[in-house]
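These protein sequence lines map, in sequence, to chains A and B.
Each residue of the first sequence is one higher than the one before, counting from 94 in the working numbering.
Each residue of the second sequence is one higher than the one before, counting from 196 in the working numbering.
For reference, the structure discussed in these notes is given below.
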Amino acid sequence: MKTAVIKFPGTTCEVDVYKALLEAGVESEIVKYKDFDPDKYNAVILPGGFSFGDYLRAGSIAASTETIKKVKEMADEGKIVIGICNGFQILVESGLLEGALLPNLNLRFISKWVYLRVIRFDTAITRGLNKNILKMPIAHAEGRFYLNDIEKAKKYAVMLYSDENGNVNDKVNPNGSILNIASIANEEGNVIGMMPHPERASFKLTSIMGETDGLLLFKVLRK
Amino acid sequence: MKITLSSYEMELVRKKLARELNEAEWLTIDALWSEHCSYKSSKVFLRSFPSEGEKVVMGIEDWQDAGALDVGDGWAIVLKLESHNHPSAIDPFNGAATGVGGIIRDIISKGAKPIALLDMIRVGNLSNPRNKWLLKNIIAGIGFYGNSIGVPVVGGELDFDDSYNDNPLVDVAGVGIVRKDKIVPSVVKEPGLKIVIVGLTGLDGLGGASFASRKLSGEDEIGAVQIADPFAGKIVLDATLEIADKVEAIKDLGGGGLVVGVTEMANGLGAMVNLDKVPLRVKDLKPEEILVSETQERMLFAVKEENVNEVCKAFEYYDYPCTVVGEFVKEPYIKFLYEGKEIVSLPSELLLSPPRFVWEIRKPRLIKSDKKPEVRLEESIRAIFSRIISKEWAYSQFDYEVGTSTVLKPGEADSALISLPNGKLLALKGDANPDLCAEDPYECGKSIVAEAYRNLASVGALGIGVVDHLQFGDPKKPEVYYSFVEAIRGIAEASKFFSTPIVGGKVSFYNENKEGKAIKPTPLIVMAGLIKDKFLRNKVVEDSYITLIGFTRDEMRGSLFGKIFGNYGEVPKARLNEDYLASQLVIDLINDEKIFFAKDINKGGLIASLFSIIVKGIGVEIRTSSIPSDSDDWIPKLYSENGGRFIVLTNDPDYIIRKSKGIHISVIGKVTKDQGVIKIDNKEINVNKEIDNYYNYLYEVML
Chain A
94 MKTAVIKFPG
104 TTCEVDVYKA
114 LLEAGVESEI
124 VKYKDFDPDK
134 YNAVILPGGF
144 SFGDYLRAGS
154 IAASTETIKK
164 VKEMADEGKI
174 VIGICNGFQI
184 LVESGLLEGA
194 LLPNLNLRFI
204 SKWVYLRVIR
214 FDTAITRGLN
224 KNILKMPIAH
234 AEGRFYLNDI
244 EKAKKYAVML
254 YSDENGNVND
264 KVNPNGSILN
274 IASIANEEGN
284 VIGMMPHPER
294 ASFKLTSIMG
304 ETDGLLLFKV
314 LRK
Chain B
196 MKITLSSYEM
206 ELVRKKLARE
216 LNEAEWLTID
226 ALWSEHCSYK
236 SSKVFLRSFP
246 SEGEKVVMGI
256 EDWQDAGALD
266 VGDGWAIVLK
276 LESHNHPSAI
286 DPFNGAATGV
296 GGIIRDIISK
306 GAKPIALLDM
316 IRVGNLSNPR
326 NKWLLKNIIA
336 GIGFYGNSIG
346 VPVVGGELDF
356 DDSYNDNPLV
366 DVAGVGIVRK
376 DKIVPSVVKE
386 PGLKIVIVGL
396 TGLDGLGGAS
406 FASRKLSGED
416 EIGAVQIADP
426 FAGKIVLDAT
436 LEIADKVEAI
446 KDLGGGGLVV
456 GVTEMANGLG
466 AMVNLDKVPL
476 RVKDLKPEEI
486 LVSETQERML
496 FAVKEENVNE
506 VCKAFEYYDY
516 PCTVVGEFVK
526 EPYIKFLYEG
536 KEIVSLPSEL
546 LLSPPRFVWE
556 IRKPRLIKSD
566 KKPEVRLEES
576 IRAIFSRIIS
586 KEWAYSQFDY
596 EVGTSTVLKP
606 GEADSALISL
616 PNGKLLALKG
626 DANPDLCAED
636 PYECGKSIVA
646 EAYRNLASVG
656 ALGIGVVDHL
666 QFGDPKKPEV
676 YYSFVEAIRG
686 IAEASKFFST
696 PIVGGKVSFY
706 NENKEGKAIK
716 PTPLIVMAGL
726 IKDKFLRNKV
736 VEDSYITLIG
746 FTRDEMRGSL
756 FGKIFGNYGE
766 VPKARLNEDY
776 LASQLVIDLI
786 NDEKIFFAKD
796 INKGGLIASL
806 FSIIVKGIGV
816 EIRTSSIPSD
826 SDDWIPKLYS
836 ENGGRFIVLT
846 NDPDYIIRKS
856 KGIHISVIGK
866 VTKDQGVIKI
876 DNKEINVNKE
886 IDNYYNYLYE
896 VML
């Protein structure tokens, strides 16, 4: 069984995710959105980019495709579904995850490296993780996570924007997310959405400190 | 639509064809003969550029849309540099965005995968709200397009000068990677191939090439600006690369639209196009409009009949229009038909050979004050530091990590550095120096090439090739044309010296403000280089030795100091051999792992290079008596911008001295732990306020 990396028109990070999975020793392939057969895979990743140009709202057109219906089937079967950046936006738009991703507070696209504090270790990608502060880049214009039920938000949160020591405060919140949330998962922990890009922190040469924290998250998909 | 042809040119056409032309035909000639497409005022001089070398895969003379350089193991990089100055002055968001789109399409038209973008922006003073509006939208436009298509912006420049008040400069460079034997030509060699167009043609960008080839009129010219659709651009990118090896030639429909694309692709052969077959975005477009519309996100392919279905299938997967509109033919005439009627029938040869012009040249008589300004040390340091600002506000709006190949991030070093599929590391840097060019365009031409060469060396890379962009005012003004010719002379000389051939370029004239005053001459080059073995990731280390490589000269004209306090003295003369030797030394020191920080000396002089150390959160102390110079004056020692020099940090200065060949090496000071304090001789200056300004200026002013 393999991991599928879905390419919608406008997806930009499919090759990066594929390369990172290869680095992590995960068998995977890039699948164009119309050609996706969920039965062939035990996990699926929706990579970053601008699916269908992000016209209307980020992720909204992709969320209503046949492809996402198939992704839902996989999620219901307990298979692993990961949405990164635009993939997270698609998961939220399709109702696979609760909440919304609103425009960043400063109304600009933000590209920078951030620290993340992991607070949930019962999800498919954080299970067995022996590190609780990770470093990865973000790059998005609509990444401000919002959910009107704060208790639920707390329950779902997997990673929070923090400083390098794990302190969580407004100063290190790049986009205005409630509770500094960078990543959430469903209750079961098999559907995970995250704004940061783990694939961009998977290679020694291009990671700013030479650390490859992203690989730690991908390694669980190794079977 | 406006026609920019002169009455002389129109008479020439009438004489050659011995008949009067219809509107569509005049528009055809106007587009093909526009400065933008034909280089009629520049071609003669551009021929002096060195364009050959062992690494040149495709150069200027090959009539291609971009240059290509060998990077080893069967791979080549494709390089292209262009501007969108005029559209950006009117609609900065779409102007800048389509600049990115155009570059990307030039890269993919070679069958190459785009891997990096650099943007070089010049606007007027930000105290003017219009300039702020321009900058904000230019940056947003570049981000909008670059981010959406997934090509990282890895570097660039952002600079301010009053001479760009009405006419900002928006330069974009693109780099692609391709197997050397898979490069797709832009011209056809045989008749019988089908002409396939992808994308919809709309009403935007009407007469854009001719618009770019005249002065901004101040009238409503918004129709000449193209509207950017990066989502469509991404589909074109993905699908074109998918089918690149199934077509005989690819051309981006850029300046001049369909008529120019078809004529240039035919390259002397003929073409027959049915305008009725061109898929339209809006109904009832006139044939003349279809002919010259510059709607973005369209490509032209020359395809063997048996491959047409397969080519179009890749686009149809994304519901993207793909249509056969005609055929290349043997008879050397470019013909456009509409509703069965021939509306254009012109000989290819006429279209491809516009008259060449060499305009009058006159050396400007600059009234040069030669009074050395009176200024105190502390005042001058603060003034210079306050002009040096972090560009994070701009580059943080670009997705510079996409592609997972960005080794050195924007702002981290003097060159961008990206990894290539063959494991090699490619360094890229764009350089211009309008202040120096305004004083002496010849020395400026030489010095921007030398600066780029040093910038690459500062990360451990050896320059291998250059693309240039020459931006000037009205070429018919003798003083402007003088600066153009002189700048070319300088660039050509230096490129030849460094063996960095010029593989592509662009000319942009008619850059003027509302009063008809030309911008400062702004030739710009982007140099590519390869890391020899190791590369340098800058690090500042307390107690390390600040070592100056090179000799400082009393040549202050055209410097940042001169710009602020008044120009005086001589312009710096590029002594290319010193740049060469110092660069080789720095590359060696990086490979011997003897230095942990390197920066060449350019705008702002030695003191500006020191500032880039201090902003990392430490202090420095130097002794001016240790600076080897032809003058005892502290002003040139601190502020001269003559070339051939670097600042490096090391623990082993003796090693550097032993290694140097004919270059001055001097330990001029040390890195201290006094955060934000610069100590010169015995004077201590706390510059923490200037450091704050460095980090926050753009964020605050652009709020």
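We put the CB at the ideal spot given by N, CA and C, even for glycine.
Going by DSSP, what residues sit across from residue i in a beta bridge?
i: T845/B; result: Y740/B, I790/B
i: E522/B; result: K389/B, M467/B
i: R317/B; result: D354/B, L364/B
i: S121/A; result: T96/A
i: E537/B; result: L532/B
i: E879/B; result: K874/B
i: P718/B; result: L665/B
Please state the DSSP three-state secondary structure of residue i.
i: I285/B; result: helix
i: R374/B; result: strand
i: L332/B; result: The identity of residue 332/B in the sequence shown is Asn, whereas the question assumes Leu. DSSP places N332/B in helix when its eight states are reduced to three.
i: S151/B; result: This structure cannot speak to residue 151/B, because chain B is shown only from 196 to 898.
i: R210/A; result: strand
i: Y239/A; result: strand
i: W221/B; result: helix
i: M253/B; result: strand
i: G711/B; result: coil
i: H321/A; result: This structure cannot settle anything about residue 321/A, because the visible part of chain A is limited to 94 through 316.
i: G269/B; result: coil
i: M205/B; result: helix
i: A608/B; result: coil
i: A193/A; result: strand
i: L395/B; result: coil
i: Y648/B; result: helix
i: P527/B; result: coil
i: G724/B; result: strand
i: D626/B; result: strand
Mind checking residue i: buried by the 16 CB within 10 Å criterion, or exposed?
i: R752/B; result: buried
i: M302/A; result: exposed
i: R571/B; result: exposed
i: W328/B; result: exposed
i: P324/B; result: exposed
i: V702/B; result: buried
i: P559/B; result: exposed
i: F593/B; result: buried
i: V503/B; result: buried
i: Y775/B; result: buried
i: Q666/B; result: buried
i: P309/B; result: buried
i: I809/B; result: buried
i: Y590/B; result: buried
i: K481/B; result: exposed
i: G171/A; result: exposed
i: A213/B; result: exposed
Could you work out which residues of chain E lie near residue i, taking near to mean beta carbons separated by less than 9 Å?
i: I875/B; result: Protein chains A and B are contained in the structure displayed, whereas chain E is not.
How about residue i: is its Cβ closer than 7 Å to a heavy atom in the ligand ZN?
i: E107/A; result: Summarising the ligand content, the structure contains no ligands, and the ligand ZN is consequently not present.
Residues of the segment 152 to 182 of chain A with a CB closer than 8 Å to any CB of chain B: list them in chain order, please. Listed by position, the residues of the segment 152 to 182 of chain A near chain B (Cβ gap below 8 Å) amount to none.
Could you tell me which whole alpha helix (DSSP H) segments of length 4 or greater appear in the segment 139 to 181 of chain A? 153 to 156, 159 to 169
Where are the beta strand (DSSP E) runs, 3 residues long or more, that stay fully inside the segment 336 to 362 of chain B, in chain order? Listed in chain order, the complete beta strand (DSSP E) runs (minimum 3 residues) inside the segment 336 to 362 of chain B are 348 to 355.
For the segment 589 to 612 of chain B, enumerate the residues whose C-beta is nearer than 8 Å to any C-beta of chain A, in chain order. Y590, S591, Q592, F593, D594, Y595, E596, V597, G598, T599, S600, T601, V602, K604
If you measure beta-carbon to beta-carbon, which residues of the segment 497 to 524 of chain B are closer than 8 Å to chain A? Y512, Y513
For the segment 421 to 436 of chain B, which residues have a CB atom closer than 9 Å to at least one CB atom of chain A, in sequence order? Answer set for the segment 421 to 436 of chain B: D424, P425, F426, A427, K429, I430, D433.
Run through the segment 428 to 463 of chain B for me and flag every whole alpha helix (DSSP H) of 4 or more residues, listed as ranges in chain order. Runs of the alpha helix (DSSP H) inside the segment 428 to 463 of chain B: 452 to 461.
Please list, in chain order, the residues of the segment 614 to 628 of chain B that have any C-beta partner in chain A closer than 8 Å. S614
Scan the segment 211 to 232 of chain A for residues whose Cβ lies nearer than 8 Å to a Cβ of chain B and list them as they occur along the chain. P230, A232
Mind pulling the beta strand (DSSP E) runs of 3 or more residues that sit fully within the segment 240 to 283 of chain A? 250 to 255, 274 to 278
Identify each residue in the segment 282 to 305 of chain A for which the Cβ-Cβ distance to at least one residue of chain B is less than 8 Å, and report them in chain order. H290, E292, R293, S295, F296, L298, T299, I301
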